[in-house]
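This report refers to the structure that appears directly beneath it.
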Amino acid sequence: MKGRIIQSTGSWYQVETDDQKVYACKLRGKFKIKGIKSTNPIAVGDWVEFDWNQEQSVGIINKIHDRHNYIIRRSVNLSKRSHIIASNMDQAIIVVTISRPRTSTGFIDRFMVTSEAYHIPAVLVINKMDLYSDIELEQVKALKNLYQKIGYQCVEVSALDGTNLDQLKEIMRNKVSLVSGHSGVGKSALINALDSSKDIRIGQISEVHKKGTHTTTFAEMHFLDFGAHIIDSPGIKEFGLFDFEKSELSHYFPEMQSLLADCKFNDCTHTNEPDCAVKPAVESGEIAFSRFENYLNMLAGEEMNMVDYSS
Ligand SMILES: Nc1nc2c(ncn2[C@@H]2O[C@H](COP(=O)(O)OP(=O)(O)OP(=O)(O)O)[C@@H](O)[C@H]2O)c(=O)[nH]1
Ligand SMILES: [Mg+2]
Ligand SMILES: [Zn+2]
817 MKGRIIQSTG SWYQVETDDQ KVYACKLRGK FKIKGIKSTN PIAVGDWVEF DWNQEQSVGI
877 INKIHDRHNY IIRRSVNLSK RSHIIASNMD QAIIVVTISR PRTSTGFIDR FMVTSEAYHI
937 PAVLVINKMD LYSDIELEQV KALKNLYQKI GYQCVEVSAL DGTNLDQLKE IMRNKVSLVS
997 GHSGVGKSAL INALDSSKDI RIGQISEVHK KGTHTTTFAE MHFLDFGAHI IDSPGIKEFG
1057 LFDFEKSELS HYFPEMQSLL ADCKFNDCTH TNEPDCAVKP AVESGEIAFS RFENYLNMLA
1117 GEEMNMVDYS S
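For the sequence shown, the numbering used here gives the first residue as 817, with consecutive numbering after it.
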């Protein structure tokens, strides 16, 4: 039988077949996947083959299919092991909020750059539209204009009152979407709102720090009744970058990429080089200053190597 891993807890895996039936499975013996030193040999999103034992109600996974793409979180400790968060997704949805908690453009841009690097389309979802002040609504507008102009799909939603959830459903239908973002932005609440039969545990926003409390602790794929797969994942604080060449980074900023041919040097980093085409575009406002600033921060190389998309 063939199915897709929707959850893994220790040595047990929940495998969903094409008819949305779920089977509890274990791994046959030791599994090693070449090239990846990960703490989990099988991740949410993986397609596997398994034998079903009717009497014992247990499946044995005997084959894992090649991954189309995957996201790795490198462990911060000394062992060079990493954890695969999810694999085989069609798009990555970043859920952000203006307040409670606040999401910075630095965080958004790291997410967008990583998605670009591995050709996973990214969608920006601005949640909690029900609670913003007039000033915050202006910020929503600015954020939406900024990312739409670059070419990203943006949706303003509210899990609480249902605003624009139909629009989000259209974006998600017939696809596998990874949902990511800070703790407390409402990733799990959105899933519950998109499909009323779902009852995923949601957390509180701490009154002191206005932040989430890390309620979701492992990735899990859910099938939603309008025909979509969504991978809920634990909130992340920082989104580090993969290793890249300095002259390569601007390739992952679509609005810069179209100008690169006009820079004098083809390895231009758009910092101190003469006859650069990107810098004048920042000065004229054609490229948003926040994008360029975040580009420079990434170039300076802080907080790298925490999360990695690969294909
Ligand atoms: N006002 C308002 N509150 C919301 C909305 N969506 C979620 N919340 C609240 O935000 C809090 C956190 O929601 P969760 O769904 O647990 O957030 P999460 O992103 O899954 O957080 P982690 O699992 O910790 O990563 C809960 O108290 C929700 O009720 C919304 O659209 N409007
Ligand atoms: Mg959650
Ligand atoms: Zn340049």
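Every residue gets a Cβ at the ideal spot worked out from N, C-alpha and C, and that includes glycine.
query	result
Rounded straight-line distance, which links the Cα of D1091 to that of I1021	49 Å
Continuous beta strand (DSSP E) stretch holding Y963: start and end	Where Y963 is concerned, there is no enclosing beta strand (DSSP E), although the alpha helix (DSSP H) it sits in stretches over 950 to 966.
Cα-Cα separation, E1023 to L947	15 Å
Nearest to I900 (by Cα), restricted to the options H1030, N1082, N856, F1042	N856
Local conformation of A1093 per DSSP, three classes	coil
heavy atom of ligand 3 below 7 Å from E1109 C-beta	no
Closer than 7 Å: E1089 CB and nearest ligand 3 heavy atom	yes
Distance, G1002 Cα to L959 Cα	18 Å
Which of helix, strand or coil DSSP assigns to I888	strand
Nearest neighbour of W868, chosen from I880, V838, H881 [CA to CA]	V838
Check whether D1048 and S993 have beta carbons under 8 Å apart	no
Alpha carbon of S903 to alpha carbon of H881, nearest angstrom	11 Å
heavy atom of ligand 2 below 7 Å from S993 C-beta	no
Cβ-based burial, S1100 [other Cβ within 10 Å; buried from 16]	exposed
Residue from E871, Y886, S854 whose Cα sits closest to the Cα of W863	Y886
Cβ neighbours of Q836 in the same chain (closer than 7 Å, five flanking residues each side left out)	F1039
Straight-line Cα distance separating E871 from I910	43 Å
Cβ-based burial, H935 [other Cβ within 10 Å; buried from 16]	exposed
Span separating the alpha-carbon of L894 from that of S854	With a pLDDT of 48 at L894, under the threshold of 50, the predicted position of this residue should be treated as unreliable, though the coordinate-derived value follows. Roughly 14 Å between the two C-alpha positions.
Reduced DSSP secondary structure (H/G/I, E/B, other) of H1067	helix
Residue nearest to A1009 in terms of C-alpha spacing, selected from T1031, S996, N990, L984	L984
Proximity test, N943 beta-carbon vs ligand 1 heavy atom, cut-off 7 Å	yes
Nearest-residue set for ligand 3, Cβ under 5 Å from any heavy atom	C1079, C1084, H1086, C1092, V1094
Distance, F1034 Cα to K818 Cα	23 Å
Proximity winner among K879, K1027, D906, relative to R989 (alpha-carbon distances)	D906
Rounded separation between T1087 and V874 - CA only	59 Å
Span separating the alpha-carbon of G922 from that of I888	20 Å
Cα-Cα separation between E972 and Q955, rounded to whole angstroms	12 Å
Proximity test, D946 beta-carbon vs ligand 1 heavy atom, cut-off 7 Å	yes
Paired residues, beta bridge with I822 - DSSP	Partner(s): none; I822 has no beta bridge.
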